[in-house]
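Numbering (the working numbering), first residue to last: 154 to 313. Quick reminder that beta carbons are idealized off the backbone N, C-alpha and C, glycines included.
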Amino acid sequence: GLEEPEYSAVRGLEGGVELRRYEPFEVARRAVPDGGGKALSSAEGFASLAGYLFGDNAERKSMAMTMPVEISFGPSDGAANMSFFLPRARAGAAPAPNDASVQLAEVPGRLVAVKAFPGVATEGEVERQRKALAEALAGAGLRPVDEGAYSVLQYNPPYT
Numbered sequence: 154g155l156e157e158p159e160y161s162a163v164r165g166l167e168g169g170v171e172l173r174r175y176e177p178f179e180v181a182r183r184a185v186p187d188g189g190g191k192a193l194s195s196a197e198g199f200a201s202l203a204g205y206l207f208g209d210n211a212e213r214k215s216m217a218m219t220m221p222v223e224i225s226f227g228p229s230d231g232a233a234n235m236s237f238f239l240p241r242a243r244a245g246a247a248p249a250p251n252d253a254s255v256q257l258a259e260v261p262g263r264l265v266a267v268k269a270f271p272g273v274a275t276e277g278e279v280e281r282q283r284k285a286l287a288e289a290l291a292g293a294g295l296r297p298v299d300e301g302a303y304s305v306l307q308y309n310p311p312y313t
């Protein structure tokens, strides 16, 4: 299978929610327009990030494809970022992107509440799952650090 960020399961909650502790990892990311669920199906964002991984970079070298694709949303500013996890073999040594819209970033270790769901990540389905996740957290006496920020991790291309 494809390489994924490393994590350890910390605790299971009601409703299929799991708390995970992710190790630090590096990403290639770019801003994508949000609004009407556009970020969830951004073929343009996916294409530029895939281009970076497949050689549109300063070294003109391909890197292994990884998963998942992460689309992260800010509190309510209409901003979203799409990110590809970079292979651990390139940690600290990833080539510079040729596309100015693609940026490299390090994601610190973090505790994340996860709710897996099958099917297509439409705007409506994501909102339904967010509510279920929030209810599970509240039921366990937990609350998110930033209630308005969330991420969708997709294991298939986001435009499918």
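Take residue i and list the residues in its own chain whose beta-carbon comes closer than 7 Å to its own, dropping the five residues that flank it on each side.
i    : result
G208 : K214, S215
P240 : E156, M216, A217, T219
E314 : Residue 314 is absent from the structure shown; the chain starts at 154 and stops at 313.
A244 : E179
P169 : Contrary to the premise, residue 169 reads as Gly rather than Pro in this sequence. So the list reads K268, A269, once near-sequence residues are dropped.
When you compare only the Cα positions, how much space is there between residue i and residue j?
i    : j    : result
P261 : P177 : 4 Å
A211 : Y205 : 9 Å
A394 : Q307 : Nothing can be reported for residue 394, as the shown portion of the chain is limited to 154 through 313.
M220 : E156 : 6 Å
A242 : A203 : 17 Å
N234 : K268 : 20 Å
F270 : N251 : 35 Å
A200 : E278 : 24 Å
G154 : F237 : 16 Å
Q282 : V255 : 29 Å
Let me know if residue i comes out buried or exposed under the rule of 16 or more other beta-carbons within 10 Å of its beta-carbon.
i    : result
R183 : buried
N309 : exposed
M218 : exposed
G198 : buried
T253 : Before going further, note that residue 253 is Ala rather than Thr in the sequence given. Counting Cβ neighbours within 10 Å, A253 comes out exposed, since fewer than 16 surround it.
A289 : buried
V298 : exposed
To the nearest whole angstrom, what separates the beta carbons of residue i and residue j, a pair I think is in contact under 8 Å?
i    : j    : result
A162 : E171 : 6 Å
L286 : A302 : That pair is no contact at about 13 Å.
E174 : L264 : Per the sequence presented here, residue 174 reads as Arg, with Glu not at that position. That belief holds up - the Cβ atoms of R174 and L264 are roughly 5 Å apart, short of 8 Å.
A247 : L257 : 6 Å
Note down, in chain order, each residue of its chain lying with its Cβ closer than 6 Å to the Cβ of residue i, except the 5 sequence neighbours on either side.
i    : result
V259 : It is worth fixing the name first, because residue 259 is Glu in this sequence and not Val. If we look at E259 and ignore the five residues flanking it on each side, its Cβ neighbours are E179.
E159 : E176
S304 : E223, S225
G165 : E171
A249 : A211
E167 : A289, G292
Apart from the five residues just before and just after residue i, which ones in its own chain have a Cβ nearer than 8 Å to its Cβ?
i    : result
G227 : A233, G301, A302
G272 : E278
Is the closest heavy atom of the ligand FMN to the C-beta of residue i under 7 Å?
i    : result
M218 : As presented, the structure is devoid of all ligands, the ligand FMN included, so that no description of it is given.
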